[in-house]
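For reference, the structure is listed below as structure tokens.
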Amino acid sequence: MSSYVTSGPSSIRCDNGQWKDPPKCLQPCTVTMEEMEQRGIQNKYGPLKKFYAKHEDRIQFICRYGKSPAGETFIEYCNDGTMSIPSCS
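Taken in order, the sequence shown gives residues 11 to 99; the numbers are from this note's numbering.
Structure follows, in structure tokens:
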């Protein structure tokens with residue numbers, strides 16, 4: 011199962027030697043246990059060594075026990091391989 015998703019038309023055509031509007035592969039976001047430990051957070055739904063989120067997937071984080079939020083947003087969205095990761099201290 012691929013963590014990539016496609017964006018654009020499901021078929022393409024060649025027009026004067028050039029592909030017309032080819033689809034784009036959108037990358038998944040990855041977050042490792044090390045990244046979460048450094049930021050004092052964890053995935054709300056349990057500890058994972060590493061997880062993948064498809065483009066436009068929503069991920070919810072929580073502070074690890076004894077930590078306090080450093081910001082307000084703990085629900086993040088994957089956007090073509092990029093996602094903000096919150097922090098707790």
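Glycine included, C-beta positions come from ideal geometry on N, C-alpha and C.
Which first and last residues belong to the beta strand (DSSP E) in which Q37 is found?
That residue, Q37, is in no beta strand (DSSP E); it is neither H nor E in DSSP.
Starting from R49 and walking both ways along the alpha helix (DSSP H), at which residues does that stretch end?
Per DSSP, R49 belongs to the alpha helix (DSSP H) from M43 to R49.
With a 10 Å radius around its C-beta and 16 neighbouring C-beta atoms as the bar for buried, classify I51 as buried or exposed.
By the 10 Å Cβ count, I51 comes out buried.
Using a Cβ-Cβ cut-off of 6 Å (strictly less than) and excluding sequence neighbours within five positions of D67, which residues of its own chain qualify?
C88
Which value, in whole angstroms, describes the spacing of the CA atoms of I69 and G27?
42 Å
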